[in-house]
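Novice:
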Amino acid sequence: MTVLISKRLQRIAAQIPYECSVADIGSDHALLPTYLIQKGIASNAVAGEVNKGPFEAAARQVKQSKLETRIDVRHGDGLDVIQKDEVDVICIAGMGGSLIVSILSAGMDKLHGVKKLVLQPNVAEERVREWLDDHGWFLSGEEVIEEDGKFYVILVAIPNPLVEEHMQKELYPATLHLPCGVLVQRQYIMLMGPYCLQYPTSDFFRKWEWEMAKLHRVVSQLSQSEREDAGKKKESIVQKIKDLEEVCLCLQKAQP
Ligand code: SAM
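FYI, the numbering for the sequence shown is 2 to 257, going by the numbering used here.
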C-alpha cells in the first residue's frame, strides 16, 4: 500500500523529477523517499538521518515497504551520508533555515553533480534564500502552503549557470519594483521571496498576516519590558511591520 504523506510532503514530492536519484536528508520515518519510489517518481533514494531513533524508524519503514533495494537508509550527519556525484536531487525538509544552511555549508563538496535542491525550512527561510544566492544556486521556484494552520515555504534551486560564466555572485537585485508601485528592498525580497512577491497566493497573504500578528505580540511584550534595549528593538519591529504592511497592501490592491 502506498504510504500516506502530508500535503507539505506531497508538494515537496511534486518538485522531484522522474527517474532521478534523490537524497532526503533528515528523513525521519523515510516517508518522502518511500512515497517517491512507490509512486514511480524517483529511481532510487538515500534516506539520511543523524539521530538514532529516526534512523531506526526510517529503516523500519523501508523494510516494511520492501524497498531495501531502492532506498538506502544511512546514519550520519547532513550530507556526510552521500558521495560526490551520487544523487541528482537533495531534499532537506522540516527543519529550521539555519540548520539547513549549516548542512549545506558543511557539505559543499557533496553538491557537485546535484541538479536540484528542494528545501523546506520551517523558519528563517530568508537565510536559505541568502545562502543559495551567495553560493551559486539559482532559486528557480518557491511556494507557500498552509496545512493544519501552519505555513510552510518550499524553495527549489538549480545550479546557477551565470556564476561560472560571469562570476556574478548575487542574482537578486538590491530592489524590486512591484507592478503595484512599491519598491521592495533586498532584505524583504529575501524574507518574502522574489517569486512569492511577484505571484502572491492566498496562502502567501495569510502567512504574512500571521507573521505580522506574531510581530505585534512581540511589540506588546517589549512595551512592558524594562530591558535597556527594549525601546530600540520595539522601534525596529514596528518599522518592519509597517514595511510588511505596505508590501502586502500594495500586492493585494493589484490582485485581480
Ligand atoms: N524531513 C522530514 C519531514 O520533512 O517531514 C522530517 C523532518 S524532522 C522534523 C527533522 C529530522 O531531521 C529529524 O528526524 C532529525 O533527526 C533530522 N536531522 C536534524 N539534523 C540533522 C542533520 N544534521 N543530519 C541529518 N538529519 C538531521
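Ideal placement from N, C-alpha and C gives every residue a C-beta, glycine not left out.
Could you check the C-alpha separation between L184 and K241 for me, to the nearest Å?
Specialist: As a working mapping, residue 184 is identified with position 183 in the sequence shown. As a working mapping, residue 241 is identified with position 240 in the sequence shown. Their Cα atoms are separated by approximately 15 angstroms.
Novice: Starting from R130, follow the beta strand (DSSP E) in both directions and report where the run begins and ends.
Specialist: The sequence position of residue 130 within the sequence shown is 129, counting from 1. Not the beta strand (DSSP E): R130 falls in the alpha helix (DSSP H), residues E126 to D135.
Novice: Using the three-state DSSP reduction, which class does Q253 fall into: helix, strand or coil?
Specialist: Taking the first residue of the sequence shown as 1, we reach residue 253 at position 252. It is helical.
Novice: For I190 and V129, what's the separation of their Cα atoms in angstroms?
Specialist: Residue numbering aside, residue 190 sits at position 189 when the sequence shown is read from its first letter. Residue numbering aside, residue 129 sits at position 128 when the sequence shown is read from its first letter. Cα to Cα, I190 sits roughly 12 angstroms from V129.
Novice: Can you grab the Cα-Cα spacing for the pair S221 / H113, in whole Å?
Specialist: Here the question's residue 221 lines up with position 220 in the sequence shown. Here the question's residue 113 lines up with position 112 in the sequence shown. Each residue's Cα considered, the two are about 47 angstroms apart.
Novice: Report, in whole angstroms, the separation of the C-beta atoms of V98 and A125, which I expect to be a contact under 8 angstroms.
Specialist: Mapped onto the sequence shown, residue 98 falls at position 97. Mapped onto the sequence shown, residue 125 falls at position 124. Just to set this straight, residue 98 is Gly in the shown sequence, not Val. At roughly 3 angstroms, the Cβ-Cβ gap stays under 8 angstroms, so G98 and A125 are in contact.
Novice: Count the other CB atoms, across all protein chains shown, that sit within 10 Å of the CB of G2; report buried if there are 16 or more and exposed otherwise.
Specialist: As a first step, residue 2 is located in the sequence shown; it is residue number 1 there, counting from the start. For the sequence presented, residue 2 should be read as Met rather than Gly. M2 comes out exposed.
Novice: Can you tell which of G49, E57 and V145 has its C-alpha closest to the C-alpha of I13?
Specialist: Your numbering for residue 13 matches position 12 in the sequence shown. The shortest C-alpha separation from I13 is found at V145.
Novice: Helix, strand or coil, according to DSSP, for G194 in the structure here?
Specialist: The count along the sequence shown starts at 1 and reaches residue 194 at position 193. DSSP places G194 in coil when its eight states are reduced to three.
Novice: Which same chain residues, not among the five before or five after H167, have their C-beta less than 8 angstroms away from its C-beta?
Specialist: Counting from 1 along the sequence shown, the entry for residue 167 is found at position 166. Note that H167 has pLDDT 48, beneath the 50 cutoff, so the model's placement of it is unreliable and the number below is only indicative. Taken in chain order, the list of residues that qualify is empty.
Novice: Have a look at K151, Y173, P122 and Q121 and flag the residue whose alpha-carbon is nearest the alpha-carbon of D135.
Specialist: Position 134 of the sequence shown, counted from the first residue, corresponds to residue 135. Cα-wise, what sits closest to D135 is Y173.
Novice: Taking DSSP as the reference, what is the three-state secondary structure of S22?
Specialist: As a position in the sequence shown, residue 22 is number 21, starting the count at 1. It is a strand residue.
Novice: Does the Cβ of Q84 lie closer than 7 angstroms to at least one heavy atom of ligand 1?
Specialist: Position 83 of the sequence shown, counted from the start, is the residue given in the question as residue 84. Every heavy atom of ligand 1 is 7 angstroms or more from the Cβ of Q84, so no.
Novice: Rounded to the nearest angstrom, how far is the Cβ of E148 from that of V157, given a contact under 8 angstroms?
Specialist: Translated into the one-based positions of the sequence shown, residue 148 becomes position 147. Translated into the one-based positions of the sequence shown, residue 157 becomes position 156. With a Cβ gap of about 18 angstroms, E148 and V157 do not count as contacting.
Novice: How far does the alpha helix (DSSP H) with Q225 in it extend, from its first residue to its last?
Specialist: In the sequence shown, counting from the first residue as 1, residue 225 sits at position 224. S203 to Q225 is the span of the alpha helix (DSSP H), which, as asked, contains Q225.
Novice: Let me know the secondary structure DSSP gives Q186 once reduced to three states.
Specialist: Taking the first residue of the sequence shown as 1, we reach residue 186 at position 185. Strand, per DSSP.
Novice: So, at 6 angstroms on beta carbons, what are the nonlocal neighbours of P55 in its own chain, with the 5 sequence-adjacent residues on each side left out?
Specialist: For the purposes of this step, residue 55 is taken as residue 54 along the sequence shown, with counting starting at 1. For P55, where only same-chain residues beyond five positions count, the Cβ hits under 6 angstroms are D29.
Novice: Under 7 angstroms: does the beta carbon of S28 sit that close to some heavy atom of ligand 1?
Specialist: For this step, residue 28 is matched to residue 27 along the sequence shown. Yes.
Novice: Using a Cβ-based criterion (distance less than 7 angstroms to any ligand heavy atom), does I104 qualify as near ligand 1?
Specialist: Counting from 1 along the sequence shown, the entry for residue 104 is found at position 103. Yes, ligand 1 has a heavy atom inside 7 angstroms of this Cβ.
Novice: Please determine if the segment 62 to 69 and the segment 92 to 112 are in contact, where contact requires at least 3 C-beta pairs separated by less than 8 angstroms.
Specialist: No, the segment 62 to 69 is not in contact with the segment 92 to 112.
Novice: With distance defined between alpha-carbon atoms, name the residue in Y200, V74 and Y153 nearest to R61.
Specialist: Taking the first residue of the sequence shown as 1, we reach residue 61 at position 60. Looking at the Cα atoms, V74 is the closest of the given residues.
Novice: For M168, which of helix, strand or coil comes out of DSSP?
Specialist: Within the sequence shown, numbered from 1, the residue matching residue 168 stands at position 167. Confidence at M168 is low in this model, with a pLDDT of 48, below 50, so the placement of that residue should be treated as unreliable; the coordinate-derived value is given next. Reduced to three states, the DSSP call for M168 is coil.
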